[in-house]
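If you read the sequence shown in our numbering, its first letter stands for residue 1, the second for the next number, and so on. Here a beta-carbon is modelled for each residue, glycine too, at the ideal position from N, C-alpha and C. A quick note: this is a predicted structure, and the numbers were derived from the prediction, not measured. This report refers to the structure that appears directly beneath it.
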Amino acid sequence: MAFSVLEPFFWAISQIFDINKRIIHYILWTMFPDQTEYMVGLIKQVSLTIFTFFFKSAILCTKIFLYTSVFSSLAGLSILVSFVTYSLFYHFYMPHEYQRQELVFLENQNSLLAELSLDCYSYEKGVPPPSDCLILQDQKYMAFLDMDIVETEDTEKIVSIYTSAKLTSVDNHTKTFNQRSNIRYKNSFVKYLHMAVFSIPQLVGFSDDDLQKVSVPLFDHVDNTVFNISDISITLKPQLLRFYSAEISITAQLGGMQYYMKKWFLSCLLIFVGSMASCMFIYCFVMIVTFWVIVRNKIRDHLDFNEPENSYIKLFILRSIF
Numbered sequence: 001m002a003f004s005v006l007e008p009f010f011w012a013i014s015q016i017f018d019i020n021k022r023i024i025h026y027i028l029w030t031m032f033p034d035q036t037e038y039m040v041g042l043i044k045q046v047s048l049t050i051f052t053f054f055f056k057s058a059i060l061c062t063k064i065f066l067y068t069s070v071f072s073s074l075a076g077l078s079i080l081v082s083f084v085t086y087s088l089f090y091h092f093y094m095p096h097e098y099q100r101q102e103l104v105f106l107e108n109q110n111s112l113l114a115e116l117s118l119d120c121y122s123y124e125k126g127v128p129p130p131s132d133c134l135i136l137q138d139q140k141y142m143a144f145l146d147m148d149i150v151e152t153e154d155t156e157k158i159v160s161i162y163t164s165a166k167l168t169s170v171d172n173h174t175k176t177f178n179q180r181s182n183i184r185y186k187n188s189f190v191k192y193l194h195m196a197v198f199s200i201p202q203l204v205g206f207s208d209d210d211l212q213k214v215s216v217p218l219f220d221h222v223d224n225t226v227f228n229i230s231d232i233s234i235t236l237k238p239q240l241l242r243f244y245s246a247e248i249s250i251t252a253q254l255g256g257m258q259y260y261m262k263k264w265f266l267s268c269l270l271i272f273v274g275s276m277a278s279c280m281f282i283y284c285f286v287m288i289v290t291f292w293v294i295v296r297n298k299i300r301d302h303l304d305f306n307e308p309e310n311s312y313i314k315l316f317i318l319r320s321i322f
C-alpha cells in the first residue's frame with residue numbers, strides 16, 4: 001500500500017484517540033450512567049472540532065513557513081547570482097580605468113624632458129615585461145601629468161605650465177599635443193595665513209602644505225586601436241619649475257555602454273541585478289510550482305481514499321497535506 005512509511009504515524013494517532021475514547025467513556029459511565037452514549041457523542045463531536053481546528057492551523061502555519069522559506073531562499077539566490085554575474089561582466093568588460101607611472105624629467109635646453117615606453121612586448125620571448133609597464137587596451141585614452149610643485153620664489157613667478165606630448169606608434173607614426181595649465185596664485189595675506197596655520201604641523205612632519213598639486217592634461221581622444229602607442233615623450237616648460245614628484249596618469253576615455261556603466265554605476269547595477277533576478281525568480285517559481293503539481297497529482301493517483309481500512313484521521317491528514 002502507498003505511504004507505508006507513514007503507517008506507524010497513523011497507527012499511533014489512532015491508538016491515542018482510541019485510548020482517550022475509552023477513558024472518557026469510563027469517566028462518563030461513572031458520572032452519568034443514564035446518558036453515557038449521548039455524552040460520548042457530544043464530547044466526540046467537540047473533540048473532533050477542536051482537533052480539526054488545531055490541525056488545520058498547524059498545517060497552514062507549516063505551509064506558510066515552508067513557502068516563505070523557499071521563496072526567500074529563491075529570491076536571495078537569484079539576487080546573489082545576478083550580482084556575481086554583473087560583477088564578472090563589469091570586471092571583464094570595463095577597461096583598467098587608471099594606470100600611473102612616475103616620470104623622471106631631465107634638462108633639455110630650455111625645457112624638461114621625460115620619455116616613457118609602452119612597448120611591453122618588445123622583450124625576448126618568454127621573458128615577462130616589467131611590472132611597472134603600462135599596458136593599453138584597444139580603446140580611447142586620455143592622459144594627465146600630475147605634479148607636486150614646490151612653492152618657492154621662482155615658482156611664484158611662473159603663471160602657466162606648458163606641456164608638449166609626442167606620441168609614437170608601433171608603425172613610427174607620431175602625434176603631438178600641446179597643452180597648458182595655470183598655477184594657483186596666492187597673495188601675501190593668504191601665504192602668511194597658511195604659514196601661521198601649518199607651520200607647526202610641517203615641523204613635526206604631519207603636513208606638506210608647501211606643495212601645490214597641479215594636474216596638466218597631456219592628450220585625449222587617442223584611439224589605441226588605430227594609433228597603437230609605443231612611446232610617449234613629454235616636454236615641460238618652463239625649466240625653472242621645481243617639483244618633488246611627477247607621474248603620468250593614463251585614463252580610459254569611456255564611451256557608449258561603458259560610459260553609462262561607469263557614470264551611472266549604481267543605477268546600472270540595480271537595473272541589471274533587478275531584471276536578471278526577477279527573470280530567474282519567475283522561471284524558478286514556475287518550475288517549482290509545475291514540479292509540485294505533477295508530484296502531487298501522481299501521489300493522489302496512488303492514494304485510494306475509498307479504502308475501508310483508511311480511518312477518518314488518516315483520510316483527514318492525507319487530504320489536508322495533499
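- Note on geometry: alpha-carbon atoms of residue 269 and residue 158 lie some 46 Å from one another.
- If you keep only unbroken beta strand (DSSP E) runs of at least 3 residues inside the region 230–264, you get 243–252.
- If you look at residue 214, you'll find it in the beta strand (DSSP E) that goes 211–223.
- About 13 Å separates the beta carbon of residue 287 from that of residue 78, a gap too long to meet the 8 Å contact definition.
- Ranking 272, 175 and 297 by CA distance to the CA of residue 87 puts 272 first.
- Residue 180 carries a strand assignment under DSSP once its states are collapsed to helix, strand and coil.
- In the structure shown, residue 290 adopts helical secondary structure according to DSSP, grouped into three states.
- Here residue 222 is buried. Its C-beta has 16 or more other C-beta atoms within 10 Å.
- The Cβ atoms of residue 104 and residue 149 lie no closer than 9 Å to each other.
- DSSP lists 216 and 248 as the bridge partner or partners of residue 145.
- If you ignore the 5 residues before and after residue 253, its C-beta comes within less than 7 Å of the C-beta of 140, 141, 142, 220 and 221, all in its own chain and listed in chain order.
- Within the same chain, no Cβ atom closer than 6 Å to the Cβ of residue 226 is found once the five residues on either side in sequence are excluded.
- Residue 112 is bridged by DSSP to 107 and 236.
- By the CB criterion at 9 Å, residue 182 and residue 160 fall inside the cutoff.
- Residue state for residue 153 is assigned as helix, using DSSP reduced to three classes.
- Inclusion of residue 171 and residue 228 in the CB contact set at 9 Å is warranted, their separation being smaller than that value.
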